[in-house]
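Be aware that the sequence shown starts at 269, since it is given in the numbering used here, and climbs by one per residue.
Yeah, the Cβ is synthetic: ideal placement off N, Cα and C, and Gly gets one too.
To start, the structure under review is shown below, and the notes come after it.
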Amino acid sequence: TAFNYDSSSTDDDGSCIEVVEGCTFLGAFNYNEEANVNDGSCCFVSGCTDSTALNYNQYACYDDGSCVAIVEGCTISSMFNYNPDANVNDGSCIPFIYGCTDETAFNYDSTANTNDNSCIPFIYGCIDEAAFNYDAEANTDDGSCIAVVEGCLDAEACNYNSDANTEDGSCEYPDTYYDCDGICLED
269 TAFNYDSSST DDDGSCIEVV EGCTFLGAFN YNEEANVNDG SCCFVSGCTD
319 STALNYNQYA CYDDGSCVAI VEGCTISSMF NYNPDANVND GSCIPFIYGC
369 TDETAFNYDS TANTNDNSCI PFIYGCIDEA AFNYDAEANT DDGSCIAVVE
419 GCLDAEACNY NSDANTEDGS CEYPDTYYDC DGICLED
């Protein structure tokens, strides 16, 4: 049927107008100036019509190009892995954990994600406080500790101990004009 069908006509005079369905309301977003039959499709709400977009508007019937893609990530700015481009928090936020992050440092903290400038270099030496060569500056034992051996360190003394490394005040000396065996050296 034609838009201008006339049931009382008897001949087709070539003046028939084709039916064009569409929105015929001038204020609608989808107004169709070529439509001559309103099909009920007129849209008066614009917005994002992409259901996967962040700002999807279920009531919009006309896409206005405003759709924003979803970017998942940490949206809390006070977190270590904050993503300024994210617009949907995905629960992945990690708090700042301060410590030494240098794997070559003495006090490396594998749980830290933020360096706090507390790293201490390895200082090798004897860390046994009871050892003869204890090094108060050392933080890592290098196997060099020497046991304390007390004894007389004076080679002129009768009881000199060549194995001693710590003087214990036990040195004994011969009487004047005698040797360590008590033999008189001058008559």
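Non-local beta-carbon contacts of TYR402 in its own chain, meaning distances under 8 angstroms to residues more than five positions away in sequence, involve CYS394, ILE395, ASP396 and CYS413 in chain order. Excluding the 5 residues flanking it on each side, ALA406 has same chain C-beta neighbours closer than 7 angstroms at ILE391, TYR392, GLY393, CYS394 and ILE395, in chain order. Per DSSP, reduced to three states, the secondary structure at GLY393 is strand.
When DSSP reads this structure, GLY290 sits in a beta bridge with ASN306.
Within the same chain, and ignoring the five residues on either side of CYS368 in sequence, the residues whose Cβ sits closer than 6 angstroms to its Cβ are ASN375, TYR376, ASP377, SER386 and CYS387. Judged by DSSP in its simplified three-state form, ASP353 adopts coil rather than helix or strand. In the three-state reduction of the DSSP assignment, CYS368 falls in the coil class, being assigned neither a helical nor a strand state. Pairing VAL356 with GLU302, the inter-Cα distance amounts to about 43 angstroms. Between the alpha carbons of SER438 and LEU453 lies a gap of roughly 24 angstroms. A Cβ-Cβ contact shorter than 7 angstroms links TYR327 with VAL313.
In this structure, THR317 and ASP331 form a Cβ contact; the two beta carbons are roughly 4 angstroms apart against a cut-off of 8 angstroms.
By DSSP's assignment, ALA270 forms a beta bridge with GLU286. The Cβ atoms of VAL417 and ASP431 sit closer than 7 angstroms to each other. In the three-state DSSP reduction, SER314 falls in the strand class (E or B).
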